[in-house]
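Quick note: the sequence shown uses the working numbering, first residue 15, plus one each step. Below you'll find the structure, written out as structure tokens, and then a few comments.
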Amino acid sequence: MKNIILIFIVIFSIQSCHSQELKVDYKTIEINIPGSPGPWLKYNSKYYCYFQTDNDKFSSGSNHNFYILDEEGKVNSKISVPEKLQTYYYDLYIKNDSIFTTEYYNHHTFYLDEKNKEWIETKKGIDLVYQDKKYTIYARDFGEWGGVTWFKDNLTHKQYEIAATDPMINKFDNAYYLTTSKYILRVSDPRKLAISKKTYDYKKAVLAERYFREGSVSMKGGEVIYIDTTDDKSKRSIATSFVANNKFYHLFNDGISTKIGRLENKKLIPIFDFKYDLRPFKWYYDTRNPIQNNLYQTIQFATNDKNTFGIIEIKKDQINVTSFKNSYKEPIMDEDWARSWVEKNFDYFYSNLDTLSLDKIDDIEQKENARDLTQSHKISHYLLDGKDIETPRIYRKKESPSIHLITMYYYTAKEKSIELIEFEWGIKSHFDSVEEDRTTSNIDTQKLYKSKFDWLFSFLTRKLGSPILNNRDKENSTVKWKNGNKSVELSLSKYIFELRLYKN
């Protein structure tokens, strides 16, 4: 019995010593921002954050918004994202003390001008992941064809390569350590790697429209000091590696929880287990994110709650875990509310169309906490040909989890006066959840639209009198009213139902 107690005391002492090697602090911040997180990082006591929001009917892609938050999660700035970065594939990283983003396919690159709150396009980004006096290291992922990591000798300019896809690079004990999600390599002398026959060339890899080669299969000159031997479907993964207290550490998830560990006899031995549910990850296209040369890095994590996510900040032996709880929920109104809102505001819009301005529209919609879906690309309308019209302001209000009303306000570029308003009812957006898809699949679209058509036809007839055009059949209907310089159209088909008010 004494021996068993002694063993437990020894084990506890070892764990206590290990945990004291690193200082881990936890912090939770409440935020209220639409969307889900894209690439994030923390730098100079600020959080730099992309949020991805659905684009509804306008494309199959998402809409990316960029925020700067202070250490308490307060939004300091919301900065418009250029069209070239409105894609699924882009990264976020630090270079020369500035924030950069590079788009994955064409390497379109922008740096953040914080003073003027805008992204400035600059020279296309290079695939650089690490650099010291002796070597410049590049890495490229060629998808299903594999990846390559190149070591360029800064003195001879010779290039050597190894089969590692977008690794995290650490310099430790005069060797280079390459960490991927499944294995860790030690390269003691890059000159012993395979000489690259297809070297990294910025002009070919970046400036050419498309660059392709098969990934490297060579492990020559690299020592595998750890490899995950579980099956390919295993949830085990290494998130990153870092150096602290002159020791080499690894942040990993063993399929159960996230831990920090060290290697012993080619095995990951945990020394610290995070007390919260969190799963660190790296966007596969966010290859430049880790801040180079072992000084500092941040890595994102997800949790089982899609509205809770965060950043792990690693600075030498200090680990800061910041969880963000996003309380944002798009308001859901009921059908009676939607009818009342449309009738009330259509009456106001119709009566004041000659003097209606964009700022008044924004005020009305924002009071309802409507989602702003205004697009960054040009949207025109055939009824406004010849007029200097901006891309419309677009707002969405949810009538139920699966039915929404989109209102589009076309306005003049100079005076900001409203020229055309469209109300359009839809069933679901491209980013609806599986649960919402099930709900949507049970909706009889034609019956729903017909019901709304009958309601609006009755409302408009009471207000505007008999229409000048009334074409109606089983599947399609078009009704039109005209009074002076104002026209109203009500349209119904199998796939769309909309109300339009505009100046002639």
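Note that CB positions come from ideal geometry on N, CA and C, so glycine has one too.
> What residue from Asn366, Pro96 and Thr193 has the CA that sits closest to Val519's CA?
Replying inline: For residue 519 there is no data in the structure shown, the boundaries of the chain being 15 and 518.
>> By the three-class DSSP mapping on this structure, what secondary structure does Thr475 have?
In response: The residue given as residue 475 occupies position 461 in the sequence shown. DSSP places Thr475 in helix when its eight states are reduced to three.
> When you compare only the Cα positions, how much space is there between Thr336 and Leu370?
Replying inline: By 1-based counting over the sequence shown, the position of residue 336 is 322. By 1-based counting over the sequence shown, the position of residue 370 is 356. One C-alpha to the other measures close to 45 Å.
> Below 8 Å, can you find three or more Cβ-Cβ pairs linking the segment 488-498 to the segment 416-435?
Replying inline: By the Cβ test, the segment 488-498 is not in contact with the segment 416-435, since fewer than three Cβ pairs between them sit closer than 8 Å.
> If you run the structure through DSSP and keep just helix, strand and coil, what is Ile375?
Replying inline: For the purposes of this step, residue 375 is taken as residue 361 along the sequence shown, with counting starting at 1. The answer is helix: DSSP assigns Ile375 an H, G or I state.
>> With three or more beta-carbon pairs closer than 8 Å as the criterion, would you say the segment 120-130 touches the segment 151-158?
In response: no
>> Quick check: what's the CA-CA separation for Asp146 versus Ala189?
In response: Taking the sequence shown and counting its residues from 1, one reaches residue 146 at position 132. Taking the sequence shown and counting its residues from 1, one reaches residue 189 at position 175. Distance between the alpha carbons of Asp146 and Ala189: 12 Å.
> Per DSSP, Gly161 is paired with what?
Replying inline: As a first step, residue 161 must be located in the sequence shown, where it is residue number 147. Per DSSP, Asp155.
> With 16 other CB atoms within 10 Å as the buried threshold, where does Arg302 fall?
Replying inline: One-based indexing of the sequence shown puts residue 302 at position 288. Label assigned to Arg302: buried.
> To which residues of the same chain is Ile113 closer than 6 Å at the C-beta, ignoring the five residues directly before and after it?
Replying inline: On the sequence shown, residue 113 is found 99 positions in, with the first residue counted as 1. Cβ neighbours of Ile113 beyond the five flanking positions: Tyr62 and Leu126.
> Based on the DSSP output, what are the partners of Glu132 in its beta bridges?
Replying inline: Along the sequence shown, one-based indexing puts residue 132 at 118. According to DSSP, Glu132 bridges with Asp127.
> Can you give, in chain order, each stretch of the beta strand (DSSP E) that sits fully within the segment 155-223 and has at least 3 residues?
Replying inline: 161-167, 173-176, 182-186, 189-193 and 197-201
>> Measuring only the C-alpha atoms, how far is Phe165 from Lys217?
In response: Translated into the one-based positions of the sequence shown, residue 165 becomes position 151. Translated into the one-based positions of the sequence shown, residue 217 becomes position 203. Roughly 17 Å between the two C-alpha positions.
> Can you tell me whether DSSP reads Leu470 as helix, strand or coil?
Replying inline: Looking up residue 470 in the sequence shown gives position 456. In this structure, Leu470 counts as helix in the three-state DSSP scheme.
> In chain order, what residues of the same chain lie with their CB nearer than 6 Å to the CB of Gly229, ignoring the 5 residues before and after it?
Replying inline: Translated into the one-based positions of the sequence shown, residue 229 becomes position 215. Excluding residues within five positions, the ones whose Cβ falls inside 6 Å are Phe156, Trp159, Gly160, Gly161 and Val162.
>> Applying the 10 Å Cβ sphere with the 16-neighbour rule, what's the burial state of Val231?
In response: For the purposes of this step, residue 231 is identified with residue 217 of the sequence shown, where counting begins at 1. Counting Cβ neighbours within 10 Å, Val231 comes out exposed, since fewer than 16 surround it.
> Looking only at DSSP bridge pairs, what is Gly440 linked to?
Replying inline: As a working mapping, residue 440 is identified with position 426 in the sequence shown. DSSP output for Gly440 lists His418 as bridge partner(s).
> Taking just the CA atoms, how far does Phe65 sit from Trp297?
Replying inline: One-based indexing of the sequence shown puts residue 297 at position 283. One-based indexing of the sequence shown puts residue 65 at position 51. Cα-Cα distance, rounded: 14 Å.
> Mapping DSSP to helix, strand and coil, what is Val89?
Replying inline: Here residue 89 corresponds to residue number 75 of the sequence shown, with the count starting at 1. Reduced to three states, the DSSP call for Val89 is strand.
> Does DSSP classify Gly498 as helix, strand or coil?
Replying inline: Along the sequence shown, read from residue 1 onward, the residue named residue 498 stands at position 484. Coil.
>> Counting C-beta neighbours from all protein chains within 10 Å, is the total for Gln332 16 or more, i.e. buried, or is it exposed?
In response: To locate residue 332, count along the sequence shown from 1; it is residue 318. It is exposed - the Cβ of Gln332 has fewer than 16 other Cβ atoms within 10 Å.
>> According to DSSP, is Gln389 part of a helix, a strand, or is it coil?
In response: Position 375 of the sequence shown holds residue 389. Correct three-state label for Gln389: coil.
> What's the C-alpha gap between Leu483 and Lys494?
Replying inline: Here the question's residue 483 lines up with position 469 in the sequence shown. Here the question's residue 494 lines up with position 480 in the sequence shown. If you take the alpha carbons of Leu483 and Lys494, they lie about 5 Å apart.
>> Using a Cβ-Cβ cutoff of less than 8 Å, which residues in the same chain neighbour Arg276 once the five nearest sequence positions on both sides are dropped?
In response: If you number the sequence shown from 1, residue 276 lands on position 262. Contacts found: Lys261, Phe262, Tyr263, His264, Leu282, Ile283 and Ile285.
> Buried or exposed: where does Lys137 fall if 16 or more other Cβ atoms within 10 Å of its Cβ makes it buried?
Replying inline: For this step, residue 137 is matched to residue 123 along the sequence shown. Lys137 is exposed by the Cβ-count criterion.
>> Within 10 Å of its beta-carbon, does Ala253 have 16 or more other beta-carbons around it, so buried, or fewer, so exposed?
In response: For the purposes of this step, residue 253 is taken as the residue at position 239 of the sequence shown. By the neighbour-count rule (16 or more Cβ atoms within 10 Å), Ala253 is buried.
> If Asn77 sits next to Asn69, beta carbons under 8 Å apart, how far is it from one beta carbon to the other, in whole angstroms?
Replying inline: Indexing the sequence shown from 1 puts residue 77 at position 63. Indexing the sequence shown from 1 puts residue 69 at position 55. Correct: roughly 5 Å between the Cβ atoms.
> Excluding sequence positions up to five away, which residues of its chain have a Cβ less than 6 Å from the Cβ of Gly139?
Replying inline: Counted from its first residue, the sequence shown places residue 139 at position 125. Once the five neighbours on either side are set aside, the close Cβ partners of Gly139 are Thr116, His121 and Thr123.
>> Just verifying my parser: in three-state terms, what is the DSSP assignment at Ala427?
In response: Residue numbering aside, residue 427 sits at position 413 when the sequence shown is read from its first letter. Looking at Ala427 - three-state DSSP - the assignment turns out to be coil, as it is neither helix nor strand.
> Do you know how far the Cα of Tyr118 is from the Cα of Ala316?
Replying inline: For this step, residue 316 is matched to residue 302 along the sequence shown. For this step, residue 118 is matched to residue 104 along the sequence shown. Looking at the two C-alpha atoms, the distance is approximately 23 Å.
> Which residue comes first and which comes last in the beta strand (DSSP E) that contains Asn340?
Replying inline: Against the sequence shown, residue 340 aligns to sequence position 326. Run containing Asn340: Gln332 to Asn340, per the beta strand (DSSP E) assignment.
> Beta-carbon separation of Ile375 and Arg407 under 8 Å?
Replying inline: Reading the sequence shown from its first residue, position 361 is the one you call residue 375. Reading the sequence shown from its first residue, position 393 is the one you call residue 407. Yes, these two residues count as a Cβ contact at 8 Å.
> With 16 other CB atoms within 10 Å as the buried threshold, where does Tyr107 fall?
Replying inline: Counted from its first residue, the sequence shown places residue 107 at position 93. Buried, since its Cβ has 16 or more Cβ neighbours within 10 Å.
> Anyone know if the C-beta pair for Asn110 and Lys92 falls short of 8 Å?
Replying inline: Against the sequence shown, residue 110 aligns to sequence position 96. Against the sequence shown, residue 92 aligns to sequence position 78. Not a contact, by the Cβ cut-off of 8 Å.
>> According to DSSP, simplified to helix, strand and coil, what is Asp68?
In response: The sequence position of residue 68 within the sequence shown is 54, counting from 1. Looking at Asp68 - three-state DSSP - the assignment turns out to be strand.
>> Which of the three DSSP states is assigned to Asn485 in this structure?
In response: For the purposes of this step, residue 485 is taken as the residue at position 471 of the sequence shown. Looking at Asn485 - three-state DSSP - the assignment turns out to be strand.
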